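Contents: one structure, followed by commentary.
2 protein chains.
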Amino acid sequence: MSFRFEPLRTDGLARRGRIHTTHGVIETPAFMAVGTQGTVKGLTPEQLECIGTQVVLGNTYHLTLRPGDETIAQLGGIHRFMNWRRPILTDSGGYQIYSLAANLKIDDHAAVFRSHLDGSLLELTPEKAIRIQENLGSDIAMCLDECPPATADVAAHREAVRRTILWAQRSKAAHRRPDQALFGIVQGSTDLDLRGQCAAALVSLDFPGYALGGFSVGESCQQMLAALSPCTALLPENKPRYLMGVGRPEDIVRAVGSGIDLFDCVLPTRNGRNANAFTAQGTLRLRNASHKRDSAPLESDCQCPTCRLHSRAYLHHLFLADEMLGPILLSLHNLAHYNQLMLNVRQAIDEGRFAAFAESALPGGK
Amino acid sequence: MSFRFEPLRTDGLARRGRIHTTHGVIETPAFMAVGTQGTVKGLTPEQLECIGTQVVLGNTYHLTLRPGDETIAQLGGIHRFMNWRRPILTDSGGYQIYSLAANLKIDDHAAVFRSHLDGSLLELTPEKAIRIQENLGSDIAMCLDECPPATADVAAHREAVRRTILWAQRSKAAHRRPDQALFGIVQGSTDLDLRGQCAAALVSLDFPGYALGGFSVGESCQQMLAALSPCTALLPENKPRYLMGVGRPEDIVRAVGSGIDLFDCVLPTRNGRNANAFTAQGTLRLRNASHKRDSAPLESDCQCPTCRLHSRAYLHHLFLADEMLGPILLSLHNLAHYNQLMLNVRQAIDEGRFAAFAESALPGGK
Chain A
1 MSFRFEPLRT DGLARRGRIH TTHGVIETPA FMAVGTQGTV KGLTPEQLEC IGTQVVLGNT
61 YHLTLRPGDE TIAQLGGIHR FMNWRRPILT DSGGYQIYSL AANLKIDDHA AVFRSHLDGS
121 LLELTPEKAI RIQENLGSDI AMCLDECPPA TADVAAHREA VRRTILWAQR SKAAHRRPDQ
181 ALFGIVQGST DLDLRGQCAA ALVSLDFPGY ALGGFSVGES CQQMLAALSP CTALLPENKP
241 RYLMGVGRPE DIVRAVGSGI DLFDCVLPTR NGRNANAFTA QGTLRLRNAS HKRDSAPLES
301 DCQCPTCRLH SRAYLHHLFL ADEMLGPILL SLHNLAHYNQ LMLNVRQAID EGRFAAFAES
361 ALPGGK
Chain B
367 MSFRFEPLRT DGLARRGRIH TTHGVIETPA FMAVGTQGTV KGLTPEQLEC IGTQVVLGNT
427 YHLTLRPGDE TIAQLGGIHR FMNWRRPILT DSGGYQIYSL AANLKIDDHA AVFRSHLDGS
487 LLELTPEKAI RIQENLGSDI AMCLDECPPA TADVAAHREA VRRTILWAQR SKAAHRRPDQ
547 ALFGIVQGST DLDLRGQCAA ALVSLDFPGY ALGGFSVGES CQQMLAALSP CTALLPENKP
607 RYLMGVGRPE DIVRAVGSGI DLFDCVLPTR NGRNANAFTA QGTLRLRNAS HKRDSAPLES
667 DCQCPTCRLH SRAYLHHLFL ADEMLGPILL SLHNLAHYNQ LMLNVRQAID EGRFAAFAES
727 ALPGGK
């Protein structure tokens, strides 16, 4: 088993660490670029490396439907398939089943649903989610869980926690691949009793890492942030902690302050495709006419290729002209912005000044 | 005037040369990547340089409508606007007026038409086409011409030649920018008498280069190829010759054999976006299911980033999943294929074996 978490130092609840995987090291806290269908939309692996991307997330649900996990296995695994040499984490497919698939029926045996692509009937069991991820060959795999929306009632959350624990046991029993780490997922919404039950059961299974699922699924941002520190307190200190699907830069900074190590979110790429740029001074809308003759880069001190080589005026033109290069260049900048944010976060923790950094980095700070 | 054509050697009618421009040298015969709206669709300038692209073509019609030639001038010109350091040729806008604009009315004074973007009424005179291209700041500008479809009758072609000559005189008189070369365009369809009249008039105006327009506009490929050598014979040997809008690799090889030096065509990028790859063995359709598990590159001996780093199976997946990276990687390969073709053409002429090269490179050859 090549997977190992190396805690480096703490600063308040914030943690600096290093995750060793089969495909190299992830310096934490880290942001994972979302590569849903085996590609981070619009970017080449070289471009991702060039901006310091450490780890890519692949979506088991999408990759299973197309091209199929067995096809990817025959082609040498997901790293070789997408030509990404650094670490890859795959989710279990659970979240997409709940958000994308139709006619979902779930019981203790399996989740049964219809593909959003062709309507075909599919069944996902915890064991099958493991087999798929072993076929994909990711460095970090996730247990199949049940993730109700935040608006579900307590009984539904209690049932989801019971089933998530049951499925975590079966996932762990089914998992074989020694070059892949399997993380457990803690559910329980914003109910700290349920989170506590779920975490205790999962910790007793001794996973090499733990995720907090069921956040960013409809609860308020305040509710999520209030629940984070109590939740991380339920998890062992010597294992990495992953907050799934979060989030905005300010959410990430706050979550690091609650002891989270790993993040993923579609925002940098999705906003990039929609002409919205992340900058240290806030969001810029590149379609806005104010950029039409602006020869300045998005951010004067950003070292990404987009900012080094192109003006706001050019980006504005590309989006108005519906040219592919607009989404490409802006996705590249936004991911670079997230990567730089995490670099700043890590340096602040290294230097024992995370609280001050967080205050200056958050909206209204500085 | 920094523009200069340096003839290097001939091999039959095929010519090796070197065009010196304000932004560097173009080794000829050369293919120009089409960058209609100030971007070669889907590719960064770095990617274009990396595959050996020598020169990019910009479309005056599109750039005038959006973002506007004065905006580009304010931003430092087209090179700086799109961050392309190497030579740029702009067309006059004529061809797009005939193919894209609505309600075209043309007389000796001007072409009047409606924008395909917003229906606004616009007027293009030879003088205005020059002023626009001087604002853009391309290295090579083109005279406004009249380009009827091949199906037009002889009277229409005769009238187009008369007006093209008149407008060439006015274009030359209007042109001021010393760092920009202005090429004349020979019209006349496949009527060699008309071509002869047009060429003689333009040659007497002593342009630094000449284009053959009015090909690839509806005539058969055989008709075009039969007309090429008679047309190039009408042009001075010490000036570059540009065959506008051509073409397929086999057309280019044959046209080089008729003494053409410059080419442009949307095929490599348009076919790339449509999942069709150019290879030395012919066209590959990447959506074809035969590629689903094929771990081989598009071409085993191609040195482009797509072929060095990605499999046919991955490209197939990207197109089926409607991912931007498919069009990106395939446009990159197709342009690299065209660039490599031109490199091979130049080497063959350098080594005095162009006829044998052309025979082996054409369909049915080898």
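As you go down the protein sequences, you meet chains A and B in turn. Each residue of the first sequence is one higher than the one before, starting from 1 at the first, in this note's numbering. Each residue of the second sequence is one higher than the one before, starting from 367 at the first, in this note's numbering. Even for Gly, the Cβ is constructed at its ideal location relative to N, Cα and C. Nothing here was measured: the structure is a model prediction, and the numbers come from that model.
By the criterion of at least three beta-carbon pairs nearer than 8 Å, the stretch 33-47 of chain A is not in contact with the stretch 641-661 of chain B. The beta strand (DSSP E) runs lying completely inside the stretch 326-352 of chain A and spanning 3 residues or more number zero. Among the residues of the stretch 647-678 of chain B, those with a Cβ less than 8 Å away from any Cβ of chain A are Lys658, Arg659, Ser661, Pro671, Leu675, His676 and Ser677, in the order of the chain. If you draw a straight line from the Cα of Gly326 of chain A to the Cα of Arg273 of chain A, it comes to about 7 Å. Rounded to whole angstroms, the gap between the alpha carbons of Tyr242 of chain A and Leu228 of chain A is 11 Å. Distance between Gly584 of chain B and Thr517 of chain B, taken at the CA atoms: about 7 Å. Apart from the 5 residues on each side of it in sequence, Gly378 of chain B sits with its Cβ closer than 8 Å to the Cβ of Gly623, Phe720 and Ala721 in its chain, given in chain order. The shortest CA-to-CA distance from His657 of chain B to any of B:Cys670, B:Arg674, B:Arg451 and B:Phe685 is the one to B:Phe685. A straight-line Cα-Cα distance of about 18 Å links Ala110 of chain A and His116 of chain A. Partner residues in a beta bridge of Met448 of chain B, as assigned by DSSP, do not exist.
Residue state for Leu568 of chain B is assigned as helix, using DSSP reduced to three classes. Around the CB of Pro634 of chain B, 16 or more other CB atoms lie within 10 Å, so the residue is classed as buried. In chain order, Ala467, Ala468, Asn469, Ser486, Leu487 and Leu488 place their CB closer than 8 Å to the CB of Arg480 of chain B, counting only its own chain and leaving out the 5 sequence neighbours on each side. Neighbours of Leu182 of chain A across chain B, judged by C-beta separation under 9 Å, do not exist; the nearest C-beta is about 26 Å away. Between Ala313 of chain A and Arg287 of chain A, the C-beta gap is not smaller than 8 Å, which leaves the two residues out of contact. For Tyr314 of chain A, the nearest beta carbon of chain B is closer than 8 Å to its own beta carbon. Of all residues in the stretch 444-457 of chain B, those with a C-beta nearer than 9 Å to a C-beta of chain A are Arg446, Phe447, Met448 and Asn449, reading in chain order. The C-beta separation of His333 of chain A from Leu298 of chain A comes to about 6 Å, placing the pair in contact by the 8 Å criterion. Chain-order list of chain B residues neighbouring Gln37 of chain A: Ala687 and Glu689, by C-beta distance under 7 Å. A distance below 8 Å between beta-carbons, with the five flanking residues on each side excluded, links Ala439 of chain B to the following residues of its chain, in chain order: Asn501, Leu502 and Gly503.
Residues of the same chain with a CB within less than 8 Å of the CB of Asp191 of chain A, apart from the 5 flanking positions on each side, are Val154 and His157 in chain order.
Closest by C-alpha distance to Arg131 of chain A, out of A:Pro148, A:Asp118 and A:Lys172, is A:Lys172. With contacts defined by Cβ atoms closer than 8 Å, Gly17 of chain A and Phe5 of chain A form a contacting pair. The continuous stretches of beta strand (DSSP E) do not include Asn271 of chain A, which lies in the alpha helix (DSSP H) extending over residues Leu267 to Arg273. The beta carbon of His683 of chain B falls within 8 Å of a beta carbon belonging to chain A, placing the residue at that interface. In the three-state reduction of the DSSP assignment, Asp559 of chain B falls in the helix class, which pools H, G and I. Check the Cα spacing between Gln223 of chain A and each of A:Met324, A:Arg176 and A:Asp251: the tightest is with A:Asp251.
By DSSP's assignment, Met32 of chain A forms a beta bridge with A:Asp264.
For Gln74 of chain A, the nearest CB of chain B lies under 8 Å from its own CB, placing it at the interface with that chain. Burial is judged here by how many other beta carbons sit within 10 angstroms of a residue's own beta carbon; Glu237 of chain A has fewer than 16 and is exposed. Listed in chain order, the non-local C-beta contacts of Leu205 of chain A below 7 Å within the same chain comprise Ala168, Gln169, Lys172 and Gly184, local neighbours out to five positions each way being set aside. For Pro433 of chain B, the nearest beta carbon of chain A is closer than 8 Å to its own beta carbon.
Listed along the chain, the chain A residues whose CB falls inside 9 Å of the CB of Gly408 of chain B are Gly42, Glu323, Met324, Leu325 and Ile328. Close partners of Thr437 of chain B in chain A (Cβ separation under 8 Å): Lys292, Arg293 and Ala313. Gly245 of chain A and Asp91 of chain A have their C-alpha atoms roughly 11 Å apart.
Assignment of Ala439 of chain B by DSSP, reduced to helix, strand and coil, places it in the helix class.
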